[in-house]
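Peer 1: Below is the structure I would like to discuss, written out as structure tokens.
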Amino acid sequence: MNGAQKILEFLKSKGVEHVFGYPGGSVLVLYDEIHKAEFPHILTRHEQGAAHAAEGYAKATGKVGVCIATSGPGATNLVTGLADANLDSVPVLAIAGNASTTAIGTDAFQEADITGITLPITKNNYLVKSADDLQTVLEEAWSLTTEGRPGPVLVCVPKDVLAATVHEGSEAKSRAELVRHRPAPNRSAASMQDVLAALSRAQRPVLMAGGGIVHSPGASALLKKLVSYASLPVITTLMGKGTISEDEPSCLGMVGMHGIPQANIALGKCDVLLAVGTRFSDRITGDPVHFNAKQRFVIHVDIDPAEIGKNVKVDIRIEDDAADFFTGLLAAMVESGFKPGWSAWNQELAALTTKYRKRLAIMAENRSDAQPRGEGWDRDGAGKLSPKYVIKTMADLTARQDPIVVTDVGQHQMFTAQHFPVHTPRHWITSGGLGTMGFGLPAALGAAVACPDALVLLFVGDGGFQMTMQELGVIQDLNLNVKMIVMDNACLGMVRQWQELFYSQRYSESLLMNNPDFVMIASAYGIAAGRAENPAELAVQFEKALSTAGPYLVHCILDGNENVYPIIPPGKQTTDMIIPGE
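Numbering (my numbering), first residue to last: 4 to 585.
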């Protein structure tokens with residue numbers, strides 16, 4: 004067989020059911036074999052869409068998402084998706100073409116050093132120079148995507164390698180030969196008594212659940228058992244949303260710059276912080292100097308040793324899988340007869356939760372929190388839909404369906420995180436670390452391909468939607484069950500909000516004054532759609548969306564004056580929130 008056939012044989016052996024990609028000159032041999040083998044391939048409308056679709060597929064299933072692109076611009080169009088997957092720990096295998104091995108380095112047509120370009124944003128990458136090396140490289144690349152902290156790996160295969168014969172006897176090397184040396188990790192068992200001692204001393208403990216818990220099989224169920232046994236309050240990061248049901252009494256909600264007030268207060272006041280599967284991004288810590296100055300005892304558990312202690316001072320370091328850690332901690336608590344001593348703390352947090360949940364419910368009514376905007380702002384939001392109201396209305400309508408909720412990036416992302424409860428791991432799909440506008444639509448596509456029987460809800464802003472809206476063609480082709488809510492506030496909402504609050508209301512290039520009619524765009528792709536400008540129209544459109552088989556788009560005309568609150572100003576701490584009315 005040739006190199007292209009070897010790649011397809013390998014993917015079949017790994018049980019790959021869907022590949023997202025876009026052909027081009029250097030990968031024509033591979034695409035010819037895809038055609039002959041009737042290999043399951045989904046043609047996206049842009050390589051960035053292929054990468055994000057692979058992310059959505061991986062996030063919804065935990066399986067490796069696979070994408071393919073040609074050389075040069077095709078490969079570089081994968082870069083945003085790979086960088087996004089890298090920061091959010093998403094297992095993606097990218098296969099990119101290249102010029103022939105004899106032409107590499109000559110500035111050949113559509114040549115780009117994609118391995119050099121992606122070196123900082125992948126777990127590893129490879130330039131394959133011989134077809135006989137393909138099996139070994141693919142085996143190691145596949146293992147790396149899910150080994151330890153998941154992430155993206157790129158394999159670059161020149162076009163002559165795709166066409167070259169793979170000789171007999173070129174089987175993959177054993178895993179023992181491929182494993183690189185690394186120091187022995189500090190697993191849970193070595194520190195469990197220290198963890199128990201710290202929790203025993205605690206008066207105000209908090210467990211912070213990060214996205215690493217989502218990636219760890221069984222960890223969410225174990226987390227629920229742990230917090231139930233120990234009455235341990237839980238806050239989640241943006242990527243940790245869904246690790247524990249937001250109906251659980253112990254769950255305080257999302258923490259961070261736009262986090263839920265009781266969660267932010269708990270983080271600010273805790274004396275022992277047990278952080279599991281999180282990297283302490285700046286959206287949580289704010290100014291790390293001030294964060295580290297707090298008198299709190301920090302226990303950091305993560306599968307990636309590079310993240311432990313990177314951003315904050317840590318008192319106990321544990322490099323371990325979240326499920327293994329929770330199993331060990333729960334067993335140690337039961338064996339020792341551990342009894343929590345923080346009932347007063349839980350009562351304080353329960354009172355805060357009651358207070359702020361009522362406040363959030365009021366905020367989700369169709370009313371604006373808009374303040375006078377100053378000179379140069381002439382938009383009238385009267386009678387238009389509140390973004391919070393749109394999100395909460397859909398959340399209430401689909402509460403029993405446990406939908407997969409996908410967002411793009413911007414104000415609507417934070418509003419959705421605040422007002423759409425998620426109760427199941429992998430049912431919250433968003434771009435966290437990279438904050439990639441344009442992520443939402445192709446990620447929803449990938450999630451819907453992965454879970455064809457699930458209801459997929461996409462909340463996407465008018466700005467981000469226009470970055471990748473060509474993927475509507477794929478959604479229509481496959482008749483995917485994606486309900487798309489386009490949140491049209493006629494501006495780059497988060498940019499506009501920062502300009503208002505921190506740049507003296509200088510709205511520089513943040514207004515989208517000539518948005519298209521998104522209903523007509525959806526219709527042009529053959530997708531049913533409707534427009535909603537007020538609560539009555541919204542009710543009609545949501546009913547149509549949920550009763551329509553296949554995709555449906557709702558173009559929501561929003562009050563563009565609203566801001567996302569709470570907000571923690573730059574450099575401030577979690578207790579320094581700006582909350583209107585307080």
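Built from N, CA and C at the ideal position, the CB exists for glycine as well. Because the structure is a prediction, the values reported are computed rather than measured.
(1) Could you pull out every residue in the same chain whose Cβ sits closer than 6 Å to the Cβ of ALA224, ignoring the five residues on either side in sequence?
(2) Where does ARG190 fall in DSSP's three states?
(3) Using three-state DSSP, classify TRP345 as helix, strand or coil.
(4) What residue ranges within the region 304-332 form continuous beta strand (DSSP E) runs of no fewer than 3 residues, ordered along the chain?
(5) According to DSSP, is GLY256 part of a helix, a strand, or is it coil?
(6) Grouping DSSP H, G and I as helix and E and B as strand, with all else coil, what is MET440?
(7) So LEU549 packs on ILE530, CB below 8 Å; how close in whole Å?
(8) Per DSSP, what kind of secondary structure is ARG534 in: helix, strand or coil?
(9) Three or more beta-carbon pairs under 8 Å between the region 430-450 and the region 405-416, yes or no?
(10) Which residues does DSSP list as the beta-bridge partners of GLY464?
(11) By how many angstroms is the C-alpha of LEU495 removed from the C-alpha of MET516?
(12) How would you call GLN500, buried or exposed, if buried means at least 16 neighbouring beta carbons within 10 angstroms?
(13) So which of ARG282, THR118 and VAL301 has the shortest CA-CA distance to ALA205?
(14) May I ask you to report which of helix, strand or coil DSSP gives VAL82?
(15) Which residue spans inside the region 217-280 form an unbroken beta strand (DSSP E) run of at least 3?
(16) Per DSSP, what kind of secondary structure is TYR555 in: helix, strand or coil?
(17) Find out if the Cβ-Cβ distance for the pair VAL158, LEU96 is shorter than 9 Å.
(18) Could you give the residue range of the beta strand (DSSP E) that holds LEU96?
(19) Let's see if you can read the secondary structure: which residues bound the beta strand (DSSP E) around ALA205?
(20) May I ask you to report which of helix, strand or coil DSSP gives GLY18?
(21) Whose C-alpha, out of ARG320, THR439 and GLY464, is nearest the C-alpha of SER191?
(22) Please report how far the alpha carbon of ILE582 lies from the alpha carbon of TYR568, in whole angstroms.
(23) With DSSP collapsed to three states, give me the class of ALA115.
(24) Is ARG282 near the ligand ZN - that is, is its Cβ less than 8 Å away from at least one heavy atom of it?
(25) Is the beta carbon of LEU85 less than 9 Å from the beta carbon of ALA54?
(26) For the region 115-134 and the region 51-66, state whether three or more C-beta atom pairs, one from each stretch, are separated by less than 8 Å.
(27) So, do the region 272-291 and the region 237-247 have three or more beta carbon pairs nearer to each other than 8 Å?
(28) Could you give the DSSP three-state label for ALA367: helix, strand or coil?
(29) Within the region 32-86, note down every full alpha helix (DSSP H) run reaching 4 residues or more, in order along the chain.
(30) Candidates VAL543, LYS486 and ALA493: which alpha carbon is nearest ALA525's?
(31) Could you tell me the boundaries of the alpha helix (DSSP H) in which VAL156 lies?
(32) Is it true that the CB of LEU541 sits closer than 9 Å to the CB of MET490?
(33) Determine the DSSP secondary structure at THR471, reduced to helix, strand or coil.
(34) Against chain B, with Cβ distances strictly below 9 Å, would ARG207 count as a contact?
(35) With burial defined as no fewer than 16 other Cβ atoms inside 10 Å of the residue's Cβ, what is the status of GLU171: buried or exposed?
Peer 2: This is what the structure gives:
(1) none
(2) ARG190: coil per DSSP, three-state reduction.
(3) coil
(4) 319-322
(5) strand
(6) coil
(7) Contact flag wrong, Cβ pair sits at about 15 Å.
(8) strand
(9) yes
(10) MET490
(11) 11 Å
(12) Buried, by the Cβ-count rule.
(13) Among ARG282, THR118 and VAL301, the Cα nearest to that of ALA205 is on VAL301.
(14) helix
(15) The region 217-280 contains these whole beta strand (DSSP E) runs: 237-239, 254-257 and 275-279.
(16) strand
(17) yes
(18) Counting along the chain, the beta strand (DSSP E) containing LEU96 begins and ends at 95-101.
(19) Looking at the DSSP string, ALA205 is not in any beta strand (DSSP E), and its letter there is neither H nor E.
(20) coil
(21) ARG320
(22) 6 Å
(23) Reduced to three states, the DSSP call for ALA115 is coil.
(24) Ligands displayed in this structure: none; no statement on the ligand ZN is therefore possible.
(25) yes
(26) no
(27) Result yes; three or more Cβ-Cβ pairs closer than 8 Å.
(28) coil
(29) Listed in chain order, the alpha helix (DSSP H) elements of length 4 or more contained wholly in the region 32-86 are 50-64 and 76-79.
(30) LYS486
(31) Not the alpha helix (DSSP H): VAL156 falls in the beta strand (DSSP E), residues 155-161.
(32) no
(33) Three-state DSSP puts THR471 in a helix.
(34) You won't find chain B in this structure, because it holds only one protein chain.
(35) With fewer than 16 other Cβ atoms within 10 Å, it is exposed.
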